[in-house]
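The opening residue of the sequence shown carries number 1 in the numbering used here; numbering runs sequentially from there.
Only one structure is covered here, and it is reproduced in the block below.
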Amino acid sequence: MPGFIKSPDDQTGISGGVASFVCQAVGEPKPRITWSKKGKKVSSQRFEVIEFDDGSGSVLRIQPLRTHRDEAIYECTATNSVGEINTSTKLTVLEGRTCPTNVPHMPCSLAVTTNAFPQSQWKLKGFSC
Numbered sequence: 001m002p003g004f005i006k007s008p009d010d011q012t013g014i015s016g017g018v019a020s021f022v023c024q025a026v027g028e029p030k031p032r033i034t035w036s037k038k039g040k041k042v043s044s045q046r047f048e049v050i051e052f053d054d055g056s057g058s059v060l061r062i063q064p065l066r067t068h069r070d071e072a073i074y075e076c077t078a079t080n081s082v083g084e085i086n087t088s089t090k091l092t093v094l095e096g097r098t099c100p101t102n103v104p105h106m107p108c109s110l111a112v113t114t115n116a117f118p119q120s121q122w123k124l125k126g127f128s129c
C-alpha cells in the first residue's frame, strides 16, 4: 500500500500570482501520483504537473492564479497495484489589492519592499498593511 512522505500544505495566493503544491509517496511497487480538482484530473494551460526525477512525487503549479476559478480543494492521489490513498489541500486566492496577512514566509512589509520576487513585485505595490 502506498504511503505519503510529503503531503501538500494549504496555501493562500494572490490573483495573478503562483501556487505550488508538493506531494510525495512511497510504496512497493512505486506509486503513481495524480492531481485532481473537484474530482476531475487537473488539465489547463495554467496547470503544470512537474514529476520528480525519481518518480516518487510531483509538484502541481498553478499560474496565473484566478480568484474564483482556482480557489478550491485539490487532491493528490498515490496509486499502485496494491492500493490507493488520497490527501487534499486547500487553495485560497485573494484579490490583487488584499494584503496577504496569513501567507507563511511572506509578511506584507517584506513582500512590498523586497526584490526577492521581481516577477510579482509590481503586483504587490499599493498594499495597505
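Just so it is clear, CB atoms sit at the ideal spot from N, CA and C, and this is done for glycine as well.
So what does glycine 17 bridge to, in DSSP terms? Note: glycine 17 sits in no beta bridge, so no partner.
Within a Cβ cutoff of 6 Å, which residues of the same chain sit near methionine 1, ignoring the five residues on either side of it in sequence? Same-chain partners within the cutoff: Val82 and Gly83.
Using 8 Å as the cut-off, can you tell me whether the stretch 18–30 makes contact with the stretch 59–76, which would need three or more C-beta pairs spanning the two stretches below that distance? Enough Cβ pairs lie closer than 8 Å, so yes.
Contact between the stretch 3–17 and the stretch 25–45 is defined here as three or more beta-carbon pairs at a separation below 8 Å; is this criterion met? The stretch 3–17 makes contact with the stretch 25–45; the number of CB pairs closer than 8 Å reaches 3 or more.
For the beta strand (DSSP E) containing arginine 61, name the first residue and the last one. First-last of the beta strand (DSSP E) with arginine 61: 57–62.
Proximity of leucine 91 and isoleucine 14 at Cβ, strictly below 8 Å: In this structure, isoleucine 14 does not lie closer than 8 Å to leucine 91 by Cβ.
Tell me, to the nearest whole angstrom, how far the beta carbon of tyrosine 74 is from that of lysine 37; I am working on the premise that it is less than 8 Å. About 5 Å separates the two Cβ atoms, so the contact holds.
In whole angstroms, give me the CA-to-CA distance for aspartate 10 and asparagine 80. Distance between aspartate 10 and asparagine 80, taken at the CA atoms: about 25 Å.
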